[in-house]
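Asker: Just so we're aligned, residue 346 is where the sequence shown starts under the numbering used here, counting upward by one.
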Amino acid sequence: MLLQTGRRIQVGNKGLRLQSWVYRGFSTQRPLPKEQISQPQEPVLNEEKKTGPNPVLGDVVKPVEAKPTMPQRFVNSLPAPVKPYAELMRLDKPIGTWLLYSPCTWSVTMGAYATSAPLSYTAWTLGLMGIGSVVMRGAGCTINDILDRNLDSQVERTIHRPLASGAVSVPQAVTFLGAQCFAGLGVLLSLPSECFWLATASLPLIFTYPLFKRFTYYPQASLSLCFTWGALVGFPAMGVWPWATMLTLHASAFAWCMTYDTVYAHQDKKFDILANIKSTALKWGDRTKPILRGISVAQIGLLTTSGFLYSMGPGFYIATGLATYRLFDMIRRVDLDDPKDCWKWFVENINTGHVIFGGIFFDYALRLLGLW
346 MLLQTGRRIQ VGNKGLRLQS WVYRGFSTQR PLPKEQISQP QEPVLNEEKK
396 TGPNPVLGDV VKPVEAKPTM PQRFVNSLPA PVKPYAELMR LDKPIGTWLL
446 YSPCTWSVTM GAYATSAPLS YTAWTLGLMG IGSVVMRGAG CTINDILDRN
496 LDSQVERTIH RPLASGAVSV PQAVTFLGAQ CFAGLGVLLS LPSECFWLAT
546 ASLPLIFTYP LFKRFTYYPQ ASLSLCFTWG ALVGFPAMGV WPWATMLTLH
596 ASAFAWCMTY DTVYAHQDKK FDILANIKST ALKWGDRTKP ILRGISVAQI
646 GLLTTSGFLY SMGPGFYIAT GLATYRLFDM IRRVDLDDPK DCWKWFVENI
696 NTGHVIFGGI FFDYALRLLG LW
């Protein structure tokens, strides 16, 4: 819980409102009812939470019992010295890895479709991209946590991250980051040499995107630019360089990431104000949903254009239609003032990525069978 001298802040879809109450711990100029004083709580080990009264924020995040997921059970089974590093990589929360991997699967499979590549080689390339997604997402999270360790200690959802909690020191994290980058280099060298410079061009973005939230309300743009780089790399990995298709597909993935990461950012907006963290969630406020609709229109238009330029088959367009429905259904139904609901719909984007991949793979299968 955050306790500091400041103002009580209420955040809602209709904007931000500051109430001029001054707090010093639990001692205020306006006495608090006893029932509003929260008692010390056990650490929250799961991201799912529910809300209740809180004297500072109006809502308190309380732990709820939830069945551990398979990745969480795996991380919990690791030896104690190893577990903090697995958590630093977010191996217990692979949602981000799936979202990073999705644009890779699109571009690899579109490249395979164009070249009628053997299924074995396509599977090998998809596997390498998957390993690379795990490693480089872990490296990105490590960089983020090194730079944000003081901010993370002020936000309820991130207070138990290894660096913020002290389970891993900064020198240890830097050493671990070097090991992850070395592993990532090994994956990159396993891909065709044409991929090397294109892939390494994303490294400055990976290393700097955590800084953007300190001085701009659009850190999501920086994240979206590097998080969807796989939409570019997959084509040369399959031996083709269709720049028009590559750029439109990447732009579509960029717009998609802007949408889901803005929904994600709405989870933390109350804490972000107190920690002076900026995001599109705070910038757009009650205009978020109309803006996300506009971004999603652009996303679907760019995705359709990339398929048209590459002469994709029926599976691609059916999948694009299903993805369109899922996107606009999410925007319509998500409650941006409910962190739990934001998390639920954020996670749903994994399946949206799978839908698009499934459509592309269907066309690829038709081509291998000589039916398209």
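Idealized CB from N, CA, C, for every residue including glycine.
Does DSSP put L713 in a helix, in a strand, or in coil?
Answerer: In the sequence shown, counting from the first residue as 1, residue 713 sits at position 368. In the displayed model, L713 falls within a helix according to three-state DSSP.
Asker: Since I believe F691 is in contact with Y605 (beta carbons under 8 angstroms), could you give me their beta-carbon distance rounded to a whole number of angstroms?
Answerer: Here residue 605 refers to the residue found at position 260 when the sequence shown is read from its first residue. Here residue 691 refers to the residue found at position 346 when the sequence shown is read from its first residue. Y605 to F691, Cβ: 6 angstroms. Contact.
Asker: Count the other CB atoms, across all protein chains shown, that sit within 10 Å of the CB of M728; report buried if there are 16 or more and exposed otherwise.
Answerer: Any answer about residue 728 is impossible in this case: the structure gives the chain only from 346 up to 717.
Asker: For N621, count neighbouring Cβ atoms within 10 angstroms of its own Cβ and tell me buried if that reaches 16, exposed if not.
Answerer: Taking the first residue of the sequence shown as position 1, residue 621 is located at position 276. Classification for N621: exposed.
Asker: Check whether the Cβ atoms of T590 and Y662 sit closer than 9 angstroms, and answer yes or no.
Answerer: Along the sequence shown, read from residue 1 onward, the residue named residue 590 stands at position 245. Along the sequence shown, read from residue 1 onward, the residue named residue 662 stands at position 317. Not in contact: T590 and Y662 (Cβ atoms no closer than 9 angstroms).
Asker: Count the other C-beta atoms from every protein chain shown that fall within 10 angstroms of the C-beta of L681, then say buried if there are 16 or more, exposed otherwise.
Answerer: On the sequence shown, residue 681 is found 336 positions in, with the first residue counted as 1. Classification for L681: buried.
Asker: Is the CB-CB distance between G529 and A598 below 9 angstroms?
Answerer: Taking the sequence shown and counting its residues from 1, the one referred to as residue 529 is at position 184. Taking the sequence shown and counting its residues from 1, the one referred to as residue 598 is at position 253. No, the pair does not count as a contact, with Cβ atoms beyond the cut-off.
Asker: Do you know offhand how far I705's Cα is from L716's?
Answerer: To locate residue 705, count along the sequence shown from 1; it is residue 360. To locate residue 716, count along the sequence shown from 1; it is residue 371. Rounded to whole angstroms, I705 to L716 spans 14 angstroms at the Cα level.
Asker: Is Q417 helix, strand or coil by DSSP?
Answerer: Locating residue 417 in the sequence shown gives position 72, counting from the first residue. Of the three classes helix, strand and coil, the one that applies to Q417 here is helix, per DSSP.
Asker: What would DSSP say about F371, mapped onto helix, strand or coil?
Answerer: To locate residue 371, count along the sequence shown from 1; it is residue 26. Its pLDDT being 33, under 50, F371 is placed unreliably by the model, and nothing is read from it.
Asker: Report yes or no: is there a C-beta of chain C within less than 9 angstroms of the C-beta of V608?
Answerer: Among the chains of the structure shown, chain C does not appear; only one protein chain is present.
Asker: With a floor of 4 residues, list each alpha helix (DSSP H) that falls wholly inside the region 614-640, ordered by position along the chain.
Answerer: 614-620 and 625-629
Asker: Does DSSP put I705 in a helix, a strand or coil?
Answerer: For the purposes of this step, residue 705 is identified with residue 360 of the sequence shown, where counting begins at 1. I705 falls in the helix class under three-state DSSP.
Asker: DSSP state of K379, grouped into three classes?
Answerer: Residue numbering aside, residue 379 sits at position 34 when the sequence shown is read from its first letter. Any reading at K379 must be qualified, since the residue scores a pLDDT of 43, below 50, and its modelled position is unreliable; the value itself is stated next. The answer is helix: DSSP assigns K379 an H, G or I state.
Asker: Using a 10 Å radius around the Cβ and a threshold of 16 neighbouring Cβ atoms, would you call R506 buried or exposed?
Answerer: Start at 1 with the first residue of the sequence shown, and residue 506 comes out as number 161. So R506 ends up on the buried side.
Asker: Of all the options L445, A468, R482 and S452, which has the alpha carbon lying nearest to the alpha carbon of S719?
Answerer: Any property of residue 719 remains undetermined from this structure, which presents the chain solely from 346 to 717.
Asker: Should the region 452-462 be regarded as contacting the region 564-583, the criterion being three or more beta carbon pairs within less than 8 angstroms?
Answerer: Yes: at least three Cβ pairs fall under 8 angstroms.
Asker: Do D686 and the ligand GTP come close, with the Cβ less than 8 angstroms from some heavy atom?
Answerer: Inclusion of the ligand GTP in the displayed structure is not the case, the ligand content being empty and no account of it being possible.
Asker: What would DSSP say about S700, mapped onto helix, strand or coil?
Answerer: Residue 700 sits at position 355 when you count from the first residue of the sequence shown. According to the sequence displayed, residue 700 carries Val and not Ser. Here V700 sits in helix by DSSP.
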